[in-house]
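Enquirer: The structure follows.
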Amino acid sequence: MWVYNWKKVSLGVLLVVGGIWSAYADSQMQSEAKTDTLEQHKAFSEITHIYKTRRVSSTYPIDVKVKRGSLLVTSKYSQMLPVYKANGVFYGLFRLNKGTNWISGLPRGTYIINNAKVIVS
């Protein structure tokens, strides 16, 4: 009988200590929490972060022409060609082989290639 009561007492002590601990943790969290109604947050916009990065161009000079909705790119070296949309967002990276390369499948629009505007129609 005494063991049975001891289990009830120890369970009661654990519940009381747990309740005190959770009340303490809640008060700590509330004191550390800041209200955002007093602070004005600047709205996040992807466009504000685009112009902080520098656009990359190809390593070696290239010649770009538009023919029938595709790009005709001539290069004297094998290299990678980064292509950006007109608003500065990175579109894709294309591998160029030495000589003539065709890049097709680009949607109609304006692109920036080697810091020059290219219009695909």
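For the sequence shown, this note's numbering begins at 22 and goes up steadily by one.
We put the CB at the ideal spot given by N, CA and C, even for glycine.
Because the structure is a prediction, the values reported are computed rather than measured.
According to the neighbour-count rule (16 or more other Cβ atoms, all chains shown, within 10 Å of its Cβ), is residue 114 buried or exposed?
Expert: Exposed: under 16 other Cβ atoms inside 10 Å.
Enquirer: By DSSP's criteria, residue 95 is part of a beta bridge. Which residues make up the other side?
Expert: Beta-bridge pairing links residue 95 to 84 and 121.
Enquirer: Buried or exposed for residue 105, please, with buried defined as at least 16 other CB atoms from any protein chain shown within 10 angstroms of its CB.
Expert: Per the 10 Å Cβ criterion, buried.
Enquirer: Does the Cβ of residue 125 have 16 or more other Cβ atoms within 10 Å, making it buried, or fewer, making it exposed?
Expert: Looking at its Cβ environment, which holds fewer than 16 other Cβ atoms inside 10 Å, residue 125 is exposed.
Enquirer: Residues in its own chain within less than 6 Å of residue 81 by CB, not counting five upstream and five downstream?
Expert: 98 and 100.
Enquirer: What are the start and end residues of the beta strand (DSSP E) that includes residue 128?
Expert: Neither: residue 128 is in no beta strand (DSSP E) and is coded neither H nor E.
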